[in-house]
Each structure stands twice: as C-alpha cells, then as structure tokens.
Amino acid sequence: MPKILDAIVKASKSNKKLLAVLIDPEKFSEEKYVAFFQNLPESTTHIFIGGSTGNTNQTEICVDFVKAKTKLPVILFPGDKSQITKKADGILLLSLLSGRNPEYLIEQHIKAVPKLLNASLEIIPTGYLLLDGGTQSAVAKVSQTKPISQKDIPLITHTAIAGEMMGKKLLYLEAGSGAIVPVSEEIIAEVKKDLNIPLIVGGGIRNSSQLQKAFEAGADLVVIGTAFENDEFED
-12 MPKILDAIVK ASKSNKKLLA VLIDPEKFSE EKYVAFFQNL PESTTHIFIG
38 GSTGNTNQTE ICVDFVKAKT KLPVILFPGD KSQITKKADG ILLLSLLSGR
88 NPEYLIEQHI KAVPKLLNAS LEIIPTGYLL LDGGTQSAVA KVSQTKPISQ
138 KDIPLITHTA IAGEMMGKKL LYLEAGSGAI VPVSEEIIAE VKKDLNIPLI
188 VGGGIRNSSQ LQKAFEAGAD LVVIGTAFEN DEFED
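Using the numbering used here, you'd call the opening residue of the sequence shown number -12 and step up by one each time.
In structure tokens, the structure reads:
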C-alpha cells in the first residue's frame, strides 16, 4: 500500500475525489457495525476512527474490528492522546488552529510522543479548523474553544494558509459532528484557491447532493460520520 499521505496528495493533484467514513469508538459495538460495513459506500477510500472523547481500549477494539473487515487505510482522528493506538495504519496529528487553547495546539502532541515515537503509524501533521455548524459541537466543549463563524471567510482562509506555511501536510475544515450547517461551498472554494495541500471537509454532510457540492467546491477528501453511523445518509 502506498503511504497514506502520498496517496492523498496524488489523488488531489489528479482531481480524484476521496471519501472517508468516520467511526466514533465510544459508540462502537460489533453488533451494530456488522451491518455498517455491509452498507459501506463503494466510493469509500479511508476509514477514520476517533472522536472528542473515548480511550485507548475503546479505540483498539474498534480498530481491530475494522481492520478485520476491510483493507482500506484505517486512520486515527483522535480527540487527545488517550485515543492513540499503534494498531491503526496512520494518524492525523491534529492542531486545532481555529482555537487558542495551547492544550490542543501543542500540549496533547507533547503528551503523545511516548506513544508515537516508536510506533509504525504514519504520522500526518494536520491543520484543524472548527467552523460554526449551527450547534455547539463536542469539539468546542472538550477543547473549550469557539468555532470560527462561517461569515468570517478572510479569517478562515488566512488561518488555513497559515497552517500550510507552518508545515501542515493536510488542512481539515470541520463543522462539527452532527452539524446543522455544513461547511459552505463558498468557504471551501476560497480556502482551496490559495491552498497547496490537500483539503479535507467534514461535519453536517447528510446526503449525496451535499457530498457532491463539497467535492465540486474543491474538497479533496470528504468525511461523513454521524449521518452514515445513524443510517441517515441519503443517496
């Protein structure tokens, strides 16, 4: 298997769109997810595992099950160091650039070093921007930070570009789990215009029309989580 980041970059350059399905380990049960994998969209290219809360044991159980069911890359999307397991294929090492809480800008990363130092996980530095999705997200509660208003497009675009300038390899625009309002097409297009790294978009995407609009606006990889997890995603 090619390196995860290399494959995402290659897909972005060739305009091949990618789809990740996000699984929250805290909501995971084998009984529930047998049907989940039977209904997985054929276009799915990655499995993300993580959430705002949870622990290593829950994550490992989830990763073991998922890797037994699919050959797709399994990538950690952790809320903090307690959700890191060496059993996955890679990890999005997230810096919450939209907030100003040092715990999620650098402190959690320092605490994660003992787990990551000798692990075979592919570590992908990722700039993470939480945008206002119309409801208070778990990310905002846990990180004690405020999302950026979707009306403030200059701040969003400048923060995204600053993330790239700081060396992030991916940029993730997130409206939050269960968002009422997904990231707007205008924001996606404006961020993508000056961004030279792959763009991930997630939060509030509940149907194939919203998915396609995100792709057309410039998202390289779209993440669906709550809607598919709850069997509410509409084709």
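Heads up, the beta-carbon is just placed ideally off N, CA and C, and yes, glycines get one too. Computed from a predicted model, the values in this text were never measured in an experiment.
1. How would you write the range of the beta strand (DSSP E) that Pro65 sits in, first residue to last?
2. Quick check: Thr132 and Leu83, are their CB atoms within less than 8 Å of each other?
3. Would you mind sorting His145 into buried or exposed? The rule is 16 or more other CB atoms within 10 Å of its CB.
4. Using the three-state DSSP reduction, which class does Asp108 fall into: helix, strand or coil?
5. In its own chain, which residues sit with a C-beta less than 8 Å from the C-beta of Phe15, not counting the 5 before and 5 after it?
6. Taking the Cβ atom as the reference point for each residue, do Leu117 and Ser69 lie within a distance shorter than 8 Å?
7. Please report how far the alpha carbon of Ser196 lies from the alpha carbon of Ala55, in whole angstroms.
8. So, under 8 Å CB-CB, Gly190 and Gly150 are touching, yes? Tell me the CB distance rounded to an integer number of Å.
9. Determine, using beta-carbon pairs with one atom in the segment 173 to 184 and one in the segment 86 to 102, whether at least three such pairs fall under 8 Å.
10. Looking at the structure shown, is Ser30 part of a helix, part of a strand, or coil, going by DSSP?
11. Where does the unbroken beta strand (DSSP E) through Ile167 begin, and where does it stop?
12. Just verifying my parser: in three-state terms, what is the DSSP assignment at Met(-12)?
13. To the nearest whole angstrom, what separates the beta carbons of Val129 and Gly66, a pair I think is in contact under 8 Å?
14. Mind checking who Gly114 pairs with in its DSSP beta bridge?
15. For Ile(-5), name the three-state secondary structure that DSSP assigns.
Checking against the coordinates, here is how it stands:
1. By one-based count along the sequence shown, residue 65 stands at place 78. It is not in any beta strand (DSSP E) - Pro65 carries neither H nor E in the DSSP assignment.
2. Sequence index remark: in the sequence shown, residue 132 carries index 145 (1-based). Sequence index remark: in the sequence shown, residue 83 carries index 96 (1-based). Yes. Within cutoff.
3. Working through the sequence shown from its first residue, we reach residue 145 at position 158. Looking at its Cβ environment, which holds fewer than 16 other Cβ atoms inside 10 Å, His145 is exposed.
4. Along the sequence shown, one-based indexing puts residue 108 at 121. Strictly speaking, residue 108 in this sequence is Leu, with Asp absent from that position. DSSP places Leu108 in coil when its eight states are reduced to three.
5. Residue mapping note: residue 15 aligns to position 28 of the sequence shown, counting from 1. The residues are Gln45, Ile48, Cys49 and Phe52.
6. Your numbering for residue 117 matches position 130 in the sequence shown. Your numbering for residue 69 matches position 82 in the sequence shown. Going by C-beta atoms, Leu117 is not nearer than 8 Å to Ser69.
7. Along the sequence shown, one-based indexing puts residue 196 at 209. Along the sequence shown, one-based indexing puts residue 55 at 68. Cα-Cα distance, rounded: 31 Å.
8. Within the sequence shown, numbered from 1, the residue matching residue 190 stands at position 203. Within the sequence shown, numbered from 1, the residue matching residue 150 stands at position 163. At roughly 17 Å, the Cβ-Cβ gap does not stay under 8 Å, so Gly190 and Gly150 are not in contact.
9. no
10. The count along the sequence shown starts at 1 and reaches residue 30 at position 43. DSSP places Ser30 in coil when its eight states are reduced to three.
11. Position 180 of the sequence shown holds residue 167. Neither: Ile167 is in no beta strand (DSSP E) and is coded neither H nor E.
12. Numbered from 1 along the sequence shown, position 1 holds the residue referred to as residue -12. Confidence is the limiting factor: at Met(-12) the pLDDT is only 48, short of 50, which leaves the residue's position unreliable and the question unanswerable from this model.
13. One-based indexing of the sequence shown puts residue 129 at position 142. One-based indexing of the sequence shown puts residue 66 at position 79. Rounded, the Cβ-Cβ distance is 6 Å, consistent with contact.
14. Residue numbering aside, residue 114 sits at position 127 when the sequence shown is read from its first letter. According to DSSP, Gly114 bridges with Ser82 and Leu158.
15. To locate residue -5, count along the sequence shown from 1; it is residue 8. The answer is helix: DSSP assigns Ile(-5) an H, G or I state.
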